[in-house]
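Asker: Attaching a single structure in structure tokens format; questions to follow.
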Amino acid sequence: RVETERALTDPQRDEFEDMLRALTLERNQIKEAMGFALDNADAAGE
């Protein structure tokens with residue numbers, strides 16, 4: 513099986529960076545950030 517890596521778009525990168533900057537110990541924020549990371553795991557090389 514060949515894995516292909518894709519890059520985040522600029523808006524996706526901005527959204528994720530904003531999520532990480534605003535992250536607190538609130539469970540819902542952590543859930544949202546983890547969900548985003550898992551949904552975009554194929555861009556992990558970034």
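In this note's numbering, the protein residues as written are 513 to 558.
Note that beta-carbon positions come from the ideal geometry of N, C-alpha and C, so glycine has one too.
(1) My output table needs one value for ALA549: the three-state DSSP class, helix, strand or coil.
(2) Taking the Cβ atom as the reference point for each residue, do LEU535 and ALA545 lie within a distance shorter than 7 Å?
(3) Which of helix, strand or coil does DSSP assign to GLU544?
(4) Run through DSSP, which three-state label would GLU529 get?
(5) Are any of the Cβ atoms in chain D nearer than 7 Å to that of GLU517?
Answerer: In short:
(1) Looking up residue 549 in the sequence shown gives position 37. Looking at ALA549 - three-state DSSP - the assignment turns out to be helix.
(2) Start at 1 with the first residue of the sequence shown, and residue 535 comes out as number 23. Start at 1 with the first residue of the sequence shown, and residue 545 comes out as number 33. Going by C-beta atoms, LEU535 is nearer than 7 Å to ALA545.
(3) Walking along the sequence shown from the start, residue 544 turns up at place 32. GLU544 falls in the helix class under three-state DSSP.
(4) Within the sequence shown, residue 529 is the residue found at index 17, counting from 1. GLU529: helix per DSSP, three-state reduction.
(5) This model lacks chain D altogether; it includes just one protein chain.
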